[in-house]
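Worksheet for the structure shown next.
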Amino acid sequence: MTKTERPRTQWLGRWGFVLAATGSAVGLGNVWKFPYMTGEYGGGAFVLVYLACILSVGVPVMMTEIALGRRGRGSPIDAIRRMASEAGRSSAWSLLGWMAMLCGFMILCFYVVVAGWSFAYLWKMISGGLAGSSVDDMAAIFSANNANPWSLGAWSTVVAVATMVIVGKGVQSGIEKSVSWMMPGMVIMLIIMIGYGAFSGGFGDALHFLFAFNASSLSSEGMLAAMGHAFFTLSLASGAILTYGSYLPREASIGRTTLTVAVADTLVALMAGLAIFPVIFANGMEPGSGPGLIFMSLPLAFQAMPLGTLFGILFFVMLSMAALTSSISMVEATVSWLTDNKGLSRRVASWGTGIVLWVISTMAMLSFNVGAEWTLLGKHFFDWLDFLTSRLMMPLGGLGMALFAGFVLRSEMLREELGLSPMIHGLWLFMVRYVSPLGILLIFVDALGWLDIDFAAQWPWLALVLAVVTLIGELTRPGLKRAFCS
Ligand code: PHE
């Protein structure tokens, strides 16, 4: 039995949740990961699949998670267990919550390393360490930055400590306050960068690269990557949004809130693409240069701009802040679970988690230097953390949440919680019952190579499959329900 019967903390202001959830969603995923993945997986086709996944899977699953959190009043584990028991179902469903909590923590273990890069580049900007560097120098600077375990470790430690200080302070004074000025700042910085990109000579190429849809350039692996990224960028299936949702006041509209967060997140990602790729093309750089992409390209742009150092400093301040508002959301599930169930104070729970984080993230950091040889099946520890979370745990967790909400709970439970109009509710139900699960499964099956699906060419067949599954599902639902829950 949990000890959470006291009233749960709530966000202070009307905008508290929106700001915190947007802060969680907008982060390195938008500015660092989205551009480099788009570069690696060939541009427009990746972007299109990513957008399709945001709409058809991301938005419905985000609504579900917020509703589960608010109604279940707790961390993912507690909230899902309560909801399952309210519906008279097995408490084993709380395993979904365990997976989400673990997933958020695993992401954090590599995220602090990348956030550390952002802090390190901020310092380089301030100290003039990047001035006068050519395209090749930038690549060398990025490698040198990773080659030194002491400074890399020091920067990720700074991020880990900052995260735990904010989380330790609590939901209102720690999290809510810090995001209210960082998000607008980030958007202004990106607009300035796009303005620069528009005149840099590479803008046309960038637009073409990002938005020209060329189905043949997207591999099965790229489709799975795009779907995984849709989960990652919206902070889904990792405990973050569900736990933030548990602090959401009853009167807030989940539908509207979700849309605001998803639109803001998508706009920032597209803006980051439009800020970064013009610089890449104008300087003859390789869009597929991997995780170092923004760290090699943006400093070049800052060098060429009037007041570039100032903008560079501002940019990396914003990026570091955006990373922090995401990192704090990744541990919130763990800290909330520890305080609710283990009787720990917030501070003790945060620091305890912080120590474990520090040890594991140090191992992830070593992948770039001392441990460059330590690989398993060709992947470093750092890459494994990313791969396991984005490609497996998040899509599977999302699938689990969708099925749980769509088939396992009694339908009135989330209907009350979501409070949508009947038509929109029907649409949401259709998405979580059929569209999202089928989409996730098909992309998995395709990536595993069991079936070679050409999504662009075979869409009429896929639509037919969806229609048939929906029909059978709705006709046999009572039977299906029993099958899922026994
Ligand atoms: N959405 C964050 C980003 O795009 C990452 C994140 C993942 C945050 C999972 C919380 C949980 O940077």
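Using this note's numbering, the first residue of the sequence shown is number 373, and each one after it goes up by one. We put the CB at the ideal spot given by N, CA and C, even for glycine. Remember, it's a predicted structure, so these values are computed and weren't measured experimentally.
Query	Result
Where does the unbroken alpha helix (DSSP H) through GLN675 begin, and where does it stop?	665–676
Could you check what DSSP says for LYS714 in three-state terms: helix, strand or coil?	coil
Note down, in chain order, each residue of its chain lying with its Cβ closer than 8 Å to the Cβ of LEU474, except the 5 sequence neighbours on either side.	MET765
Do LEU646 and ILE566 have their beta-carbon atoms positioned less than 8 Å apart in this structure?	yes
Counting only runs of 4+ residues fully inside the region 500–532, write out the alpha helix (DSSP H) ranges in chain order.	507–519
Whole angstroms is fine: what's the gap from GLU377's alpha carbon to VAL780's?	Unreliable positioning characterises GLU377 in this predicted model, as indicated by a pLDDT of 45, which lies under 50. The coordinate reading is nonetheless provided below. For GLU377 and VAL780, the distance between alpha carbons rounds to 25 Å.
For TYR483 and SER699, I'd like the C-alpha separation in whole angstroms.	7 Å
Taking the beta carbon of VAL419 as the centre, do at least 16 other beta carbons fall within 10 Å, making it buried, or is it exposed?	buried
Alpha carbon to alpha carbon, how far is GLY395 from SER806? Give it in angstroms, no decimals.	The question names Ser, but residue 806 is Tyr in the sequence shown. Their backbone Cα atoms lie some 30 Å apart in a straight line.
Which word fits VAL804, buried or exposed, when buried means at least 16 other C-beta atoms lie within 10 angstroms of its C-beta?	buried
May I ask you to list the residues that DSSP assigns as paired with LEU748?	LYS751
Apply the 10 Å Cβ neighbour rule to PHE687 and answer buried if 16 or more other Cβ atoms are within range, or exposed otherwise.	buried
Between the C-alpha atoms of TYR408 and ILE564, what's the straight-line distance to the nearest angstrom?	20 Å
If we ignore side chains and look at the alpha-carbon of each, how far apart do ILE648 and THR638 end up?	15 Å
Among ALA839, ARG628, PHE406 and PHE753, which has the Cα closest to the Cα of LEU790?	ARG628
Return the Cβ separation of LEU468 and GLY769 in integer angstroms, given the expectation that the two are a contact with Cβ distance under 8 Å.	6 Å
Could you tell me the boundaries of the alpha helix (DSSP H) in which TRP831 lies?	831–847
Regarding SER607 and ligand 1, is the C-beta to nearest heavy atom distance less than 7 Å?	yes
Using only CA atoms, which one of ALA511, SER592 and VAL720 lies nearest to SER661?	ALA511
Leaving out five residues before and five after GLY399 in sequence, what residues of the same chain have Cβ atoms less than 6 Å from its Cβ?	ALA694, ALA695 and SER698
Can you name, in chain order, every residue of its own chain whose Cβ lies under 7 Å from the Cβ of THR848, other than the five neighbours on each side?	none
Report yes or no: do the region 588–597 and the region 673–692 share at least 3 C-beta pairs separated by less than 8 Å?	no
For VAL537, collect the residues of the same chain with a Cβ closer than 6 Å to its Cβ; drop the 5 residues on either side in sequence, then sort them by chain order.	none
So, with DSSP's three-state summary, where would you put TRP387?	coil
Could you say which of TYR422, ALA439, GLY416 and PRO432 lies nearest to MET785 if we only look at CA atoms?	ALA439
Please determine if the region 497–511 and the region 664–681 are in contact, where contact requires at least 3 C-beta pairs separated by less than 8 Å.	yes
Do the CB positions of PHE491 and VAL530 come within less than 8 Å of each other?	yes
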